[in-house]
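Novice: Each protein sequence line maps, in turn, to chains A and B.
As numbered in the numbering used here, residues 318 to 612 make up the first sequence, in order.
As numbered in the numbering used here, residues 46 to 368 make up the second sequence, in order.
Below are the structure tokens for one structure; questions will follow.
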Amino acid sequence: MQLNRGSRRRIKNAIMMGLTVLCIALALIPLGSILISVAGQGASVINVEFFTATQPTPCSPNPLTTCTQGGIAQAIIGTLLLLAYSCLVAIPLGILVGIYLAEYGKGPWVLAVRFLADVMTGLPSIIFGMFIFSTFLLVFPGRAFSLLAGTLALAVLVLPFVARTTEEALRLVPNSLREAALALGVPKYRVTARVVLSSAREGVITGAVLAMARIGGETAPLIMTGFGNTFISTSLDQPVGAMSLLIFYNAASPYSNWNALAWGAALILVLMMLGLSIAVRVLLRRRFRERRIMA
Amino acid sequence: MAFPLRRGARRVRTNPTASSLGDVLFRLGSGAAGVVLLVVLGLMVLVLVVSGEQSMRTFGLGFLGNNIWDPNTSQFGALPFIFGTLVTSAIALLLGVPISLGIAIFLVELAPAAVRTPLAYVVELLAAIPSVIYGLWGIFVLVPVMSNYVDPALQSTLGFLPIFQGAIYGYGLLTAGVILAIMIIPTVAAISRDALLAVPQSQREAALSLGATRWESTRMAVLTYARSGIFGAVMLGFGRAAGETIAVTMVIGNANEIPRGFSLLAPAQTLSSLIATNIREAFGLQASALIELALVLLLVTLIINVFARVMVWRVFGERGETA
Numbered sequence: 318m319q320l321n322r323g324s325r326r327r328i329k330n331a332i333m334m335g336l337t338v339l340c341i342a343l344a345l346i347p348l349g350s351i352l353i354s355v356a357g358q359g360a361s362v363i364n365v366e367f368f369t370a371t372q373p374t375p376c377s378p379n380p381l382t383t384c385t386q387g388g389i390a391q392a393i394i395g396t397l398l399l400l401a402y403s404c405l406v407a408i409p410l411g412i413l414v415g416i417y418l419a420e421y422g423k424g425p426w427v428l429a430v431r432f433l434a435d436v437m438t439g440l441p442s443i444i445f446g447m448f449i450f451s452t453f454l455l456v457f458p459g460r461a462f463s464l465l466a467g468t469l470a471l472a473v474l475v476l477p478f479v480a481r482t483t484e485e486a487l488r489l490v491p492n493s494l495r496e497a498a499l500a501l502g503v504p505k506y507r508v509t510a511r512v513v514l515s516s517a518r519e520g521v522i523t524g525a526v527l528a529m530a531r532i533g534g535e536t537a538p539l540i541m542t543g544f545g546n547t548f549i550s551t552s553l554d555q556p557v558g559a560m561s562l563l564i565f566y567n568a569a570s571p572y573s574n575w576n577a578l579a580w581g582a583a584l585i586l587v588l589m590m591l592g593l594s595i596a597v598r599v600l601l602r603r604r605f606r607e608r609r610i611m612a
Numbered sequence: 046m047a048f049p050l051r052r053g054a055r056r057v058r059t060n061p062t063a064s065s066l067g068d069v070l071f072r073l074g075s076g077a078a079g080v081v082l083l084v085v086l087g088l089m090v091l092v093l094v095v096s097g098e099q100s101m102r103t104f105g106l107g108f109l110g111n112n113i114w115d116p117n118t119s120q121f122g123a124l125p126f127i128f129g130t131l132v133t134s135a136i137a138l139l140l141g142v143p144i145s146l147g148i149a150i151f152l153v154e155l156a157p158a159a160v161r162t163p164l165a166y167v168v169e170l171l172a173a174i175p176s177v178i179y180g181l182w183g184i185f186v187l188v189p190v191m192s193n194y195v196d197p198a199l200q201s202t203l204g205f206l207p208i209f210q211g212a213i214y215g216y217g218l219l220t221a222g223v224i225l226a227i228m229i230i231p232t233v234a235a236i237s238r239d240a241l242l243a244v245p246q247s248q249r250e251a252a253l254s255l256g257a258t259r260w261e262s263t264r265m266a267v268l269t270y271a272r273s274g275i276f277g278a279v280m281l282g283f284g285r286a287a288g289e290t291i292a293v294t295m296v297i298g299n300a301n302e303i304p305r306g307f308s309l310l311a312p313a314q315t316l317s318s319l320i321a322t323n324i325r326e327a328f329g330l331q332a333s334a335l336i337e338l339a340l341v342l343l344l345v346t347l348i349i350n351v352f353a354r355v356m357v358w359r360v361f362g363e364r365g366e367t368a
């Protein structure tokens with residue numbers, strides 16, 4: 318009887334532990350399927366035309382008509398512009414907020430700001446798009462669909478994230494470093510800027526790279542701000558294309574050549590994300606190695 | 046020898062006035078930056094309230110309980126989309142949370158150290174894939190799988206339940222829920238893993254020394270101890286599922302109504318997918334109603350996230366005490 322119960326418990330243990338392995342498999346199947354389908358379908362359109370041409374005329378469903386492949390130049394340029402401009406706004410401001418949280422803030426107020434930053438990172442991205450859209454409706458009606466609006470939406474979206482990653486990076490700097498600099502008579506603002514910020518450089522850059530990865534593929538806030546454009550446009554007050562928007566609208570279209578471009582854009586976007594993710598790994602590893610040497 | 050020392054000493058004495066000016070400026074600058082987030086959140090609520098005011102005045106509180114959304118008769122109600130958001134999030138949690146917990150348990154309790162880090166990294170990759178690519182994959186891979194295999198199988202086995210009846214499109218609440226389940230896995234798994242890691246080793250040792258198996262020690266000593274952290278992880282997953290827009294918009298079928306018999310196989314719409322599909326063409330009262338929906342979404346996800354963060358923060362506090 319006792320032996321029986323023991324073996325039953327052992328079997329149950331084996332089953333439950335086997336189930337956890339199954340869970341890993343269940344998570345990896347969609348990941349693998351996504352990566353394989355994006356690589357397989359996307360690779361067929363990657364050529365010179367893909368990077369230099371813009372949205373083609375749609376392929377008619379008649380199989381006898383020949384149609385051009387076209388490209389996503391306008392979307393690549395748009396995504397790069399949106400990324401660059403929004404980072405230009407959000408990263409310096411976010412670093413300042415992070416400095417406040419780690420170095421200057423005290424007491425319950427700093428706790429409240431940190432909590433707020435954490436909560437805001439979890440808000441749906443479409444809310445930030447609607448915020449900028451509504452603001453433009455009130456302030457500059459008729460200019461809501463523009464590169465400027467898209468930039469602002471992405472910047473506001475990523476600001477709390479940059480603030481938190483900067484704060485975390487600054488908190489890793491040992492206090493003895495600050496104390497040493499202060500003891501030499503260096504004023505606090507120079508300690509912060511020259512000693513703390515520069516020793517936390519890699520962590521802060523990691524946060525910035527993660528921020529880019531976060532907004533590089535964002536679609537929802539751009540629907541009602543950046544709007545998308547089938548032609549190349551770089552002016553701040555005009556609608557702008559983006560790879561994510563192109564995927565969203567082309568995927569739902571009935572035209573095979575537009576669908577193919579969506580897959581191609583998805584491949585570029587995934588490669589971009591993987592590149593940023595690897596960059597972060599490399600940065601982190603270098604930081605840890607440095608710290609190990611210091612310790 | 047004495048001369049340069051005195052010069053140095055003098056410099057220290059004269060510097061404080063100059064440095065305190067720099068300090069004051071820097072403190073003010075970063076202090077102002079500290080307020081920025083609060084200002085942004087306040088502005089968000091304010092702007093959405095002002096822009097959604099026309100809809101609030103026209104429909105009042107009945108907006109939330111009305112189940113008709115018809116631009117032709119200027120009748121706008123939020124109920125079908127609140128329904129869609131709740132149902133898709135519930136499916137996502139039902140499918141995604143057990144899988145995430147399994148992953149967390151495997152990573153913390155079972156996996157050899159050599160595979161632990163790479164495996165955690167691979168699971169995190171799920172979070173790095175932009176949601177529009179989930180949507181693209183959803184349209185061309187998941188929807189055919191659902192309409193050819195999963196939905197018919199459900200209908201033939203559980204078809205007596207009204208939630209599995211009706212025509213099969215592949216696009217619908219269930220498909221959206223499945224995609225959301227995949228998307229919340231990295232979030233829920235990562236935070237659950239942190240919660241399990243925060244459980245002191247002595248808990249496990251105590252259970253194992255009493256003769257418990259691995260699973261019994263995990264269930265009784267580890268999961269019980271980490272439950273508030275896991276609950277926080279689930280809430281964060283809920284917040285993510287409720288607000289996710291693009292992938293859902295691409296596979297939910299975009300029908301502005303509550304499906305007949307609450308069928309999970311039928312097309313529907315969530316709060317965010319309705320906004321995404323309609324905001325570009327909307328004007329006047331409809332735009333205002335969509336903005337009011339955005340405000341509803343903001344408030345709901347704000348509450349979920351505040352709740353989740355309180356839970357997660359409490360765990361990190363616990364970890365600080367035990368470490």
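A virtual CB, placed ideally from N, CA and C, is assigned to each residue, including glycine.
In this text the structure is predicted, and so the values were computed from the model without any measurement.
Check whether the Cβ atoms of A/F548 and A/T371 lie closer than 7 Å to each other.
Specialist: yes
Novice: Within the continuous alpha helix (DSSP H) that includes B/F185, where are the two ends?
Specialist: Where B/F185 is concerned, there is no enclosing alpha helix (DSSP H), given that its DSSP letter is neither H nor E.
Novice: Does the distance from the C-beta atom of B/T294 to that of B/A266 stay below 7 Å?
Specialist: no
Novice: By the 8 Å beta-carbon criterion, what residues does the stretch 369-401 of chain A contribute toward chain B?
Specialist: none
Novice: Would you please verify whether the beta carbon of B/G288 is less than 7 Å from any beta carbon of chain A?
Specialist: yes
Novice: If you draw a straight line from the C-alpha of B/F283 to the C-alpha of A/A500, how long is it?
Specialist: 49 Å
Novice: Going by DSSP, what residues sit across from B/W114 in a beta bridge?
Specialist: B/F121
Novice: Please look up how many angstroms separate the CB atoms of B/A278 and B/S262, rounded, as I've assumed it's under 8 Å.
Specialist: Between B/S262 and B/A278 the Cβ distance is about 21 Å, and since that is not below 8 Å, they are no contact.
Novice: Given this structure, state the Cα-to-Cα distance separating A/Y417 from B/V95, to the nearest angstrom.
Specialist: 31 Å
Novice: Tell me whether A/K505 is buried or exposed, calling it buried when 16 or more other Cβ atoms sit within 10 Å of its Cβ.
Specialist: buried
Novice: Give the residues from the stretch 403-418 of chain A that approach chain B closer than 8 Å (Cβ to any Cβ), ordered along the chain.
Specialist: L410, L413, V414, I416, Y417 and L418
Novice: Could you compute how far the alpha carbon of B/G217 sits from the alpha carbon of B/G122?
Specialist: 20 Å
Novice: In whole angstroms, give me the CA-to-CA distance for B/T290 and B/V357.
Specialist: In this structure, the CA atom of B/T290 is about 24 Å from the CA atom of B/V357.
Novice: Contact defined as beta carbons within less than 8 Å: I believe A/I522 pairs with A/L471. What is the distance between those atoms, to the nearest angstrom?
Specialist: Not quite, the Cβ-Cβ distance comes to about 19 Å (not below 8 Å), so this is no contact.
Novice: Taking CB distances under 7 Å as the criterion, tell me whether B/N193 reaches chain A.
Specialist: no
Novice: Can you tell me whether A/I592 is buried or exposed, with buried defined as 16 or more other CB within 10 angstroms of its CB?
Specialist: Correcting the residue identity first, residue 592 of chain A is Gly in this sequence and not Ile. Result: exposed.
Novice: Can you find a CB in chain A that lies within less than 7 Å of the CB of B/Q99?
Specialist: no
Novice: Near A/M590, which residues of its chain fall below 6 Å by C-beta distance, leaving aside the five closest residues on each side in sequence?
Specialist: The answer, listed in chain order, is A530.
Novice: Using the DSSP secondary-structure output, state which residues sit across from B/G298 in a beta bridge.
Specialist: B/A313
Novice: Using three-state DSSP, classify B/F205 as helix, strand or coil.
Specialist: In the displayed model, B/F205 falls within coil according to three-state DSSP, outside both helix and strand.
Novice: Pull up the CB-CB distance for B/T346 and A/P441, whole angstroms please, since I reckon it's below 8 Å.
Specialist: 6 Å
Novice: Measure the alpha-carbon distance for B/V244 versus B/V233 and round it to whole angstroms.
Specialist: 17 Å
Novice: Got a sec: which bits of the stretch 76-92 of chain B sit with their beta carbon under 7 Å from any beta carbon on chain A, in order along the chain?
Specialist: G76, A78, G79, V81, L82, L83, V85, L86, M89 and V92
Novice: Leaving out five residues before and five after B/N112 in sequence, what residues of the same chain have Cβ atoms less than 7 Å from its Cβ?
Specialist: G122, L124, P125 and I303
Novice: For a test of the three-state rule: what should DSSP assign to A/V427, helix, strand or coil?
Specialist: helix
Novice: Using a Cβ cut-off of 8 Å, pull out every chain A residue sitting near B/T258, in sequence order please.
Specialist: Contact of B/T258 with chain A by beta-carbon distance below 8 Å involves R326, R327, K329 and N330.
Novice: Find the residues of chain A that neighbour B/F151, judging by a C-beta separation of less than 7 Å, and give them in chain order.
Specialist: Near B/F151 (Cβ distances below 7 Å), the residues of chain A are T337, V338, C340 and I341.
Novice: At least one CB of chain A closer than 7 Å to the CB of B/P175: is that the case?
Specialist: Using a Cβ-Cβ cut-off of 7 Å, B/P175 counts as an interface residue toward chain A, since at least one Cβ of chain A sits closer than that to its own.
Novice: DSSP beta-bridge partners for A/V557?
Specialist: A/F544
Novice: Would B/A292 pass as a contact of B/G180 if the rule is Cβ separation under 7 Å?
Specialist: The answer is yes: Cβ separation under 7 Å.
Novice: Which of the three DSSP states is assigned to A/V338 in this structure?
Specialist: helix
Novice: Report the CB separation of A/P538 from A/I394 in whole angstroms; it is logged as a contact under 8 Å.
Specialist: Contact doesn't hold; Cβ gap of about 19 Å is too wide.
Novice: Can you check whether the C-beta of B/F71 is within less than 7 Å of a C-beta belonging to chain A?
Specialist: yes
Novice: With 7 Å set as the bound, which would you pick, yes or no: does the beta-carbon of A/Y572 sit closer than that to a beta-carbon of chain B?
Specialist: no
Novice: Closer than 7 Å, CB to CB, is B/D68 near chain A or not?
Specialist: yes
Novice: Is there at least one Cβ from chain B nearer than 7 Å to A/S550's Cβ?
Specialist: Cβ-Cβ to chain B under 7 Å: no for A/S550.
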